[in-house]
Amino acid sequence: MSTAAEPIVDVHDRLRPRRRPWGCAAVLLPHTDDGAVDWPSFRNLLERTVESGLTPAVNMDTGFVQLLDDVTRRTVLATAAEVLAGHPPTAGRPPFLAGAFVADRPGDGFDPGRYRKAIDQVQEAGGTPVVFPSNGLNDLDPEAWIEAHRMVDGDCDRFVAFELGEMFVPYGRIYPLDAYRELLGISSCIGAKHSSLSRIAEWERLAVRDELRPDFHVFTGNDLAIDMICWGSDYLLGLAAFCPDLFAQRDAAWANGDPTFHELNDRLQHLGAFSFRAPVPAYRHDAALFLHHRGWIDSPSVPSAAPTRPGSDLDVLASIAESMEPRR
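Just so it is clear: in the sequence shown, position 289 is 318 by our numbering, and no numbers are missing.
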């Protein structure tokens, strides 16, 4: 693996002013107080996300994909397809992304057949698959991990790979940079979400991207460093689910060279630093609290198996929300 020093030396030279990122929001799957999926609120979040100009990503960690049964995951896909049918996507981009998720247990081997089925379900709904990590996939050595993604290359026209750190899931793993280089050689892999929460690891990947395949999308998943777009990252963030409208404003400010970018980015980063503190998976409860406070969903509830935050979080979230509202 390359050393961290190489990309850091020229990190300032790699800034990309006025570059408009491809913004994707990992949409929360809201729940009612009795634990059922709140489908009307989910539809509302999809509408608000796409109307903001961001690409929705469903069946991701923010959408509690690990806690859903297969029927619910397929209903999520069908709902996304139905809602987004009335919103033509930006040229060259899919209407939505969706996790191709395989539920397995520690010790289970990689199951190509189950991944093919999950990928087919996403494509049949009209989305672009995100190859979601699993115990079996992340147990593979780097060479086998690449071969697994080459298998995907034969199954679909385009997909997004996904490096997910162990702070998000127990089976999380970030692969060596040499494996990432190989990933860029897979033509149908249009990008990869990188969720190590490490600027250095992401700068390394941007350097490889710029060297080998400039059209490849490095989707930052670093909710603690959302300004990685300044160095050429795109994003697929759980934090963007809290306020896709404000992320869109921030992105436009960066693209236009508007200095208000920095103030809005600071406020969004404050929200991210608070919500993505340990234990990180509880950020989804903060998302529900924040969206409920904004009036975008009907309940701040999350599934019973999901970690939660203390009630005192609401006061902090409300204060952050107020700081981001336009001055009247």
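Every residue gets a Cβ at the ideal spot worked out from N, C-alpha and C, and that includes glycine.
Residues in its own chain within less than 7 angstroms of residue i by CB, not counting five upstream and five downstream?
i    : result
Q152 : P158 and C185
V345 : F303
V331 : H60, R313, H314, A317 and T337
D170 : none
D137 : N164 and G165
L253 : L226, G301, A302 and F305
Are the Cβ atoms of residue i and residue j separated by less than 8 angstroms?
i    : j    : result
R279 : F271 : no
I203 : E192 : yes
S224 : G194 : yes
L226 : M196 : yes
L300 : L343 : no
T91  : L57  : yes
D263 : P50  : yes
R72  : T104 : no
A334 : L96  : yes
Q298 : I349 : no
R43  : A284 : no
E233 : V247 : no
N88  : A114 : no
L206 : R242 : no
G64  : L106 : no
A55  : L235 : no
L74  : I326 : yes
Where does residue i sit, in a helix, a strand or coil, going by DSSP?
i    : result
T91  : helix
C259 : helix
P135 : coil
S224 : strand
R202 : strand
I326 : coil
G301 : helix
T78  : helix
V100 : helix
L193 : strand
P69  : helix
P310 : helix
P273 : helix
D287 : coil
A334 : coil
N251 : coil
D280 : helix
Looking only at its chain, what residues have a beta carbon closer than 6 angstroms to the beta carbon of residue i, apart from the 5 residues adjacent to it on each side?
i    : result
Y200 : N164 and N167
S81  : P273, D274 and A277
P118 : P124
H321 : P329
Quick one: what's got a C-beta closer than 8 angstroms to residue i's C-beta in the same chain, skipping five residues either side?
i    : result
I148 : A129, P158, V160, V181, D184, C185 and F188
V131 : D140, R143, Y144, A147, F161, S163, G165 and L166
T101 : V66
Among all the DSSP beta bridges, which residues are the ones paired with residue i?
i    : result
C218 : F188
H246 : G220
G52  : Y264
H60  : V66
A86  : A55 and L126
Comparing the CB of residue i with every heavy atom of the ligand NAD, is any distance shorter than 7 angstroms?
i    : result
G301 : Of ligands this structure carries none, so the ligand NAD is not represented either.
Threshold first: 4 residues or longer. Then list the alpha helix (DSSP H) segments lying entirely within the region 103 to 186, N to C. 141 to 153, 164 to 167 and 171 to 182
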